[in-house]
Amino acid sequence: MYKAIRIILLCLLSVIVLFPLFYAFSTSFFTPQDFTAENAKLLPSSLSLRNYELALSHRYFGRYVLNSFITATLTAFLRAAISAMTAFAFTHLRFKGQKAILTLLLTTLFIPPDAMLYENYVTVARLSLLDSYLGIVLPSLFSASAMLITIGAYLSTDRDIYDAARIDGSRDPRYILSILLPLTAPVTITVFIQAFISSFNSYLWPLLITTRPKMRTVQVGIMMLGFAEEGEYGAQSASIILITLPFLLLLAAGRKAIEKALQGGISS
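This is the structure in structure tokens:
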């Protein structure tokens, strides 16, 4: 009985979650006449790749996607590296003011990111980093939550391994790269994936600091394509599908590896 109820609930949730994506895919084949029809349609009257041709032919569409992948990859890599280094410092080293600094860093968990938009903008502007990849990436490099789960993973490792490595003459960078990171790889991968998705989906911050079309990310750029203003709603949907499709293919191809990494990160 409970199993049947659970299956029904999962099916309902799946429909709720997947329907917008299905409808976006369907409308990506709509003609302008399909959108102006009196009766709402769920399926296109005919299949045509015109909308995809319009999206791909836009001069900046490819650049928007490339910018998003560059900034998301940089953010994910640097956040994972910074989380690893800070977690190592708090779990393996001893220094003055350690607890106070850790407490101060953890208080950032209670500060909404949007509350720091003005301060971040002024900082980036004074560093002359507007309209740059580094300017987009910089405010997202540190994450207290990423540091916290990395600290938890490092605390679960045996301290004797670090002491033995030090006796053998291994320096801290070598210990981190050759021993600590492989032991806690699921957590590092989890931090990387979360940072990549968060950065790729970021909208407000890239909108604030990018003015040149060549530097806009896809979340900002897709609103600047002008398809909706021109009545080309099908091309707008096609743009969304073209952005979403690579992620779906990657998730399908690496689903087991990602699930293993996330489960390992949670258990750690």
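Residue numbers (full-length UniProt numbering): 1 to 268. Cβ coordinates follow ideal geometry from the N, Cα and C atoms, glycine included.
Nearest residue (CA-CA) to residue i, options the options
i: residue 187; options: 118, 1 and 83; result: 83
i: residue 161; options: 151, 152 and 172; result: 172
i: residue 141; options: 91, 196 and 114; result: 196
i: residue 232; options: 148, 69, 15 and 50; result: 50
i: residue 159; options: 224, 234 and 175; result: 175
i: residue 144; options: 191, 156, 157 and 223; result: 191
i: residue 115; options: 204, 156 and 15; result: 204
i: residue 117; options: 99, 146, 206 and 24; result: 206
i: residue 193; options: 10, 77, 17 and 246; result: 77
i: residue 135; options: 93, 10 and 215; result: 215
i: residue 180; options: 247, 85, 97 and 248; result: 85
i: residue 223; options: 157, 55 and 93; result: 55
Cβ pair residue i, residue j closer than 8 Å
i: residue 219; j: residue 228; result: no
i: residue 72; j: residue 199; result: yes
i: residue 221; j: residue 121; result: no
i: residue 108; j: residue 153; result: no
i: residue 67; j: residue 211; result: no
i: residue 124; j: residue 75; result: no
i: residue 131; j: residue 209; result: yes
i: residue 34; j: residue 48; result: no
i: residue 234; j: residue 28; result: yes
i: residue 155; j: residue 106; result: no
i: residue 43; j: residue 57; result: no
Burial state of residue i, where buried means 16 or more other Cβ atoms lie within 10 Å
i: residue 19; result: exposed
i: residue 244; result: exposed
i: residue 30; result: buried
i: residue 139; result: buried
i: residue 128; result: exposed
i: residue 103; result: exposed
i: residue 100; result: exposed
Inter-residue spacing [alpha-carbon to alpha-carbon] between residue i and residue j
i: residue 265; j: residue 62; result: Caution is warranted here: a pLDDT of 48 is assigned to residue 265, below 50, making its placement in the model unreliable, and the coordinate value is therefore given only provisionally. Roughly 34 Å separates the two Cα atoms.
i: residue 165; j: residue 88; result: 14 Å
i: residue 238; j: residue 59; result: 15 Å
i: residue 213; j: residue 242; result: 19 Å
i: residue 177; j: residue 169; result: 15 Å
i: residue 41; j: residue 53; result: 22 Å
i: residue 91; j: residue 4; result: 46 Å
i: residue 329; j: residue 202; result: What is shown of the chain runs 1 to 268, which leaves residue 329 out entirely.
i: residue 133; j: residue 182; result: 29 Å
i: residue 95; j: residue 163; result: 17 Å
i: residue 112; j: residue 21; result: 29 Å
i: residue 23; j: residue 150; result: 39 Å
i: residue 70; j: residue 2; result: 46 Å
i: residue 9; j: residue 16; result: 11 Å
i: residue 146; j: residue 110; result: 14 Å
i: residue 240; j: residue 246; result: 11 Å
i: residue 6; j: residue 36; result: 40 Å
i: residue 230; j: residue 32; result: 10 Å
i: residue 276; j: residue 157; result: There is no way to answer for residue 276, as the model of the chain reaches only from 1 to 268.
What are the complete alpha helix (DSSP H) segments, minimum 4 residues, inside the stretch 136–173?
-> 144–155 and 159–167
In the stretch 171–246, which residue ranges form an unbroken alpha helix (DSSP H) of at least 4 residues, counting only runs that do not cross its ends?
-> 172–175, 185–200, 204–209 and 218–224
Return the chain-ordered ranges of every alpha helix (DSSP H) run that is complete within the stretch 67–108 and spans a minimum of 4 residues.
-> 98–106
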